[in-house]
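The sequence shown begins at 3 in this note's numbering and counts up by one.
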Amino acid sequence: MSLQDVSQDADQRDRFAYLVNSVPNRSRDHQIEGREILEKSGYLPADQHILIQVLDWGTQSIGLNEKVDLREEGIEQFRAFAGDRIYAFTVDLRGYEWGASTIAEAELRGYVGLSEDRIFTLDRADTPDKLIEDGSDIDLDDRGAERLKVVARPMVTVKVNNKPVNLRFGWHTGAEIKAAAIAQGVEIRLDFTLDEEKPNGDTQVIGDDDPTFISGGEVFGAVDHHEDS
Numbered sequence: 003m004s005l006q007d008v009s010q011d012a013d014q015r016d017r018f019a020y021l022v023n024s025v026p027n028r029s030r031d032h033q034i035e036g037r038e039i040l041e042k043s044g045y046l047p048a049d050q051h052i053l054i055q056v057l058d059w060g061t062q063s064i065g066l067n068e069k070v071d072l073r074e075e076g077i078e079q080f081r082a083f084a085g086d087r088i089y090a091f092t093v094d095l096r097g098y099e100w101g102a103s104t105i106a107e108a109e110l111r112g113y114v115g116l117s118e119d120r121i122f123t124l125d126r127a128d129t130p131d132k133l134i135e136d137g138s139d140i141d142l143d144d145r146g147a148e149r150l151k152v153v154a155r156p157m158v159t160v161k162v163n164n165k166p167v168n169l170r171f172g173w174h175t176g177a178e179i180k181a182a183a184i185a186q187g188v189e190i191r192l193d194f195t196l197d198e199e200k201p202n203g204d205t206q207v208i209g210d211d212d213p214t215f216i217s218g219g220e221v222f223g224a225v226d227h228h229e230d231s
């Protein structure tokens, strides 16, 4: 059920709609306490759960006795977590609260409204900032996790047949890696077989359509395995 369907159904029933962990719920009252939100959604006992409200400007925790006004424009969205600890962090100085020790990068990207050409980093004072990989889980217990920044997706360097090749930090297919290498002067062809050399000494074939995440420092070999080579 889409947000629009939930909203229309709520209007027809003269009720106020909201979502908890993407599951639709309704209330007859426009003001509802955090405890009631948790209990109506099946998160029992309520006092053993954390309720987070997703807002346009960030996320915030809602206390058990704290009331939420469901009359605001749009469908109010909440996340419920088992536990009693609230994790506070910022993204470019904008405050967020969360109910688990990790948050999915993809989920936070949606809340922040991050475009594909931007990424998150952990802000560290004494060492280089840590780049957050697309689709990973962000450890909110990690050093620097209380301060995240948004930066332009950087260029990083890998090696193909011992030659440096610059790629964007992020996901690339085998075909894209070979094409970038050729464009940067590496003497291979697109029909060569591409292997990634792992730090433990193992190798993995990266097919033309196989995605692999490039964070910088990866080592590849490209070899002509055709019988007529």
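Ideal Cβ placement from N, Cα and C applies to all residues, glycine included.
Contact set for residue i: own chain, Cβ-Cβ below 7 Å, skip 5 residues either direction
{"i": "Ala127", "result": "none"}
{"i": "Leu142", "result": "Tyr89, Phe91, Trp100, Ser103, Thr104 and Ile105"}
{"i": "Val188", "result": "Val162, Asn163, Lys165 and Val167"}
{"i": "Val25", "result": "Ser43"}
{"i": "Asp71", "result": "His32 and Gln33"}
{"i": "Asp144", "result": "Leu124"}
{"i": "Tyr45", "result": "His51 and Ala82"}
{"i": "Arg30", "result": "Arg17"}
Euclidean distance between Cα positions of residue i and residue j
{"i": "Phe83", "j": "Gly101", "result": "6 Å"}
{"i": "Gly136", "j": "Leu196", "result": "According to the sequence displayed, residue 136 carries Asp and not Gly. About 23 Å."}
{"i": "Pro213", "j": "Ile140", "result": "21 Å"}
{"i": "Leu21", "j": "Pro130", "result": "39 Å"}
{"i": "His227", "j": "Thr205", "result": "16 Å"}
Assigned secondary structure, residue i (DSSP; H/G/I helix, E/B strand, else coil)
{"i": "Asp299", "result": "There is no way to answer for residue 299, as the model of the chain reaches only from 3 to 231."}
{"i": "Leu64", "result": "Per the sequence shown, residue 64 should be read as Ile rather than Leu. In this structure, Ile64 counts as strand in the three-state DSSP scheme."}
{"i": "Val160", "result": "strand"}
{"i": "Pro36", "result": "Residue identity check: residue 36 is Gly in the sequence provided, not Pro. If DSSP states are grouped into helix, strand and coil, Gly36 belongs with the helices."}
{"i": "Ile184", "result": "helix"}
Within 7 Å, strictly: CB atoms of residue i and residue j
{"i": "Ile179", "j": "Arg155", "result": "no"}
{"i": "Val221", "j": "Phe194", "result": "no"}
{"i": "Thr175", "j": "Asp211", "result": "yes"}
{"i": "Val152", "j": "Asp94", "result": "yes"}
{"i": "Tyr98", "j": "Thr61", "result": "yes"}
{"i": "Ile190", "j": "Glu198", "result": "no"}
Residues near residue i in its chain [Cβ-Cβ closer than 6 Å; skip 5 each side]
{"i": "Val56", "result": "Gln79"}
{"i": "Gly36", "result": "Leu53, Ile64, Gly65, Leu66 and Glu68"}
{"i": "Gln186", "result": "Val167"}
Residue i, buried or exposed, once every other Cβ within 10 Å from all chains shown has been counted against 16
{"i": "Asn27", "result": "buried"}
{"i": "Ala108", "result": "exposed"}
Other residues of its chain near residue i: CB distance less than 8 Å, five sequence neighbours each side excluded
{"i": "Val234", "result": "Any answer about residue 234 is impossible in this case: the structure gives the chain only from 3 up to 231."}
{"i": "Tyr113", "result": "Val56, Gly60, Thr61 and Tyr98"}
Residue-level contact to chain C via CB, residue i, 7 Å cutoff
{"i": "His174", "result": "In summary, chain C is missing from the structure at hand, where a single protein chain is found."}
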